[in-house]
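The listed protein sequences correspond, in order, to chains F and Z.
Just so we're aligned, residue 1 is where the first sequence starts under our numbering, counting upward by one.
Just so we're aligned, residue 1001 is where the second sequence starts under our numbering, counting upward by one.
Take a look at the structure below.
Protein chains: 2
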Amino acid sequence: MIAKKIKDAKATVGSERMSNKMAQIYDVAATLICAKGYDATSVSDIADAMNLTKAGLYHYIDGKQNLLFSVMNFALETLEEDVIEPARDEPDAMRRLELIVRNHGLIIMRGSSPMTILMDEMGGLTETQQEEIQKCKLAYYAVVRDTLKELKKEDKLNDFNPSTAAHSLIGMILYLSRWYRREGKMSDEQVVEELLKIVRSGFVKV
Amino acid sequence: MIAKKIKDAKATVGSERMSNKMAQIYDVAATLICAKGYDATSVSDIADAMNLTKAGLYHYIDGKQNLLFSVMNFALETLEEDVIEPARDEPDAMRRLELIVRNHGLIIMRGSSPMTILMDEMGGLTETQQEEIQKCKLAYYAVVRDTLKELKKEDKLNDFNPSTAAHSLIGMILYLSRWYRREGKMSDEQVVEELLKIVRSGFVKV
DNA sequence: AATGACCTACCGAATAGTTGGTAAAATCAA
DNA sequence: TTGATTTTACCAACTATTCGGTAGGTCATT
């Protein structure tokens, strides 16, 4: 009880409350940008959705472009924590591949708007920012490709060019955001199972 | 008779020149929009690229939005002529599937900017226009799905949900525009072969 | 008194689209 | 064929609006 009070008090004192608000801003911005596109979303739109004026919102952010950059970095953190980290901890290449498909697929189907923005709104960034994000994307792509290469070494992969196969696999996963609807017939778990079937029989030697 | 022929010829020359110019406008617009995005491409940008003033360009188009719509319809015509028509003429489901992957893949890798726009810039359209384009996209998707269903009936398809498989396949193909570079190591034909390998071993029973 | 969390009111730049023209080409009448 | 008329293919200049961003203020909390 006392502990809680202290925690609450501390929360009030600045940084946590601040970062709560920042998180909320990122979330609201991501939702809007994901729905309407970066250029079509004005700073005022975001401010309105936050029940702030534009100038009020500018108290928290330092420009529209940097806000987009932050949202994208948030998406990359999610990707790192929920997909790459678990994959790194899995020594078996086959299970690692399945983990990647499952975790990345679920993130997208559960509607992570930052993740969608990460793919669609690169043009809104500075060239420097683009390069930084691109570097992270390539690192992710490398994880997938290396896993496929490892499978090939174990003779568990069909005779594919691992690079093309990795891109194709990622394309398949990312495209989920364009067609999967939560109101539809299939649950996200069911779709993951279907994807895994394709991966198992398509990429992996039988 | 001769007079009519001459008139027709002249009419043809006139309207052909016109539609040549229109085609050129669509092409230039598509290239710019594909490179920078719809919102970030101003009508003046397109006019400049056409060596016209904005007012001069407006002589040919009736608004930015309708121009985008026309470009997208142009992409759909390409899809119809170069992918769907050839597929319709192929009775064998297996070969039909291969034709789709090959033809659609090649269009994208050879840099059809209208095709990329078709996927990325739906938000720039009226709702009515969006619905019209979406209808065509769904028709294409249905062709792929029905082909997969047919293969399943012939017992040549692994036990997939044809709907999910169709989406995944299309996602794989469309993603080509995001990673394939003509300056890279692989030729478009080579990539097509890789995709077909994935399709053959992944979607089709061995 | 100082700081954080806002707001009102504004600015400069850019943009989609229009108006009112001109010069040349195409069409038509004699 | 020629002269008159209409149409085509443009352009310079302008309007109205929107947008990203800022200056300078208020007010409550600390």
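Quick reminder that beta carbons are idealized off the backbone N, C-alpha and C, glycines included.
Taking 7 angstroms as the cut-off, the beta carbon of S113(F) is found closer than this to the beta carbon of T31(F). DSSP lists no bridge partner for L1068(Z). In this chain, N161(F) is not harboured by any alpha helix (DSSP H), its DSSP state being neither H nor E.
With the rule of 3 Cβ pairs closer than 8 angstroms, the region 1184-1198 of chain Z counts as touching the region 153-172 of chain F. Judged by DSSP secondary structure, T1126(Z) falls outside any alpha helix (DSSP H); it is assigned neither H nor E.
Collapsing the DSSP output to three states places L97(F) in a helix. Comparing alpha carbon positions, the residue from I1100(Z), G1056(Z), D1120(Z) closest to A1166(Z) is I1100(Z). Less than 7 angstroms divides the Cβ of Y38(F) from the Cβ of L68(F). Counting along the chain, D120(F) sits inside the alpha helix (DSSP H) bounded by residues 113-120. Linking I46(F) to A29(F) through their CA atoms gives a straight-line distance of about 6 angstroms. In its chain, beyond the 5 residues on either side, P162, S163, A166 have a beta carbon closer than 7 angstroms to the beta carbon of R145(F). Within the same chain, Cβ atoms closer than 6 angstroms to the Cβ of L76(F) are found at C136, the five residues on either side in sequence being excluded.
The residues F1069, in chain order, have a CB closer than 7 angstroms to that of Q1129(Z) in the same chain once the five nearest residues on each side in sequence are set aside. CA-to-CA, the gap between I1107(Z) and I1198(Z) works out to about 19 angstroms. If you draw a straight line from the Cα of E98(F) to the Cα of K1156(Z), it comes to about 25 angstroms. The criterion of a C-beta distance shorter than 7 angstroms is satisfied by M109(F) and L176(F). Listed by position along chain Z, the residues whose Cβ is nearer than 7 angstroms to that of N161(F) are E1194. In the DSSP assignment, K1054(Z) falls within the unbroken alpha helix (DSSP H) covering 1054-1058. Taken in chain order, the complete alpha helix (DSSP H) segments of 4 residues or longer contained in the region 1167-1206 of chain Z are 1176-1179, 1188-1203.
Under a 10 Å Cβ-count criterion, G1056(Z) is classified as exposed, with fewer than 16 other Cβ atoms of the shown protein chains found around its own Cβ. Nearest CB-CB separation between A1047(Z) and chain F: not below the 7 angstroms threshold. Scanning its chain for C-beta atoms nearer than 8 angstroms, with the 5 sequence neighbours on each side dropped, one finds around M122(F) the residues Q130, I133, Q134, in chain order. Within 10 angstroms of the beta-carbon of L138(F) lie fewer than 16 other beta-carbons, which makes it exposed.
At a cut-off of 7 angstroms between beta carbons, S168(F) contacts chain Z.
Looking only at A23(F), L195(F), T116(F), K64(F), the smallest Cα-Cα distance to T126(F) is reached by K64(F). Residues of chain F whose Cβ lies closer than 7 angstroms to the Cβ of V1191(Z) are, in chain order, T164.
With fewer than 16 neighbouring CB atoms inside 10 Å of its own CB, N1051(Z) falls in the exposed class.
Annotated as proximal: L174(F) and M119(F), with beta-carbon spacing under 7 angstroms.
Our two residues, K54(F) and I1025(Z), have alpha carbons roughly 38 angstroms apart in a direct line.
Here N1103(Z) is buried, its C-beta having at least 16 other C-beta atoms within 10 Å. Against D1039(Z), the close residues of chain F are G37, Y38, D39, A40, in the order they occur along the chain (beta-carbon pairs closer than 9 angstroms). Contact between Y180(F) and V191(F) holds: CB atoms are separated by about 6 angstroms, below the 8 angstroms threshold. With a 10 Å radius around the Cβ and a threshold of 16 neighbouring Cβ atoms, E194(F) comes out buried. Excluding residues up to 5 positions away in sequence, Y1060 lie with their Cβ nearer than 7 angstroms to the Cβ of M1022(Z) in the same chain. A residue is called buried once 16 or more other Cβ atoms fall within 10 Å of its Cβ, and R96(F) is buried on that count.
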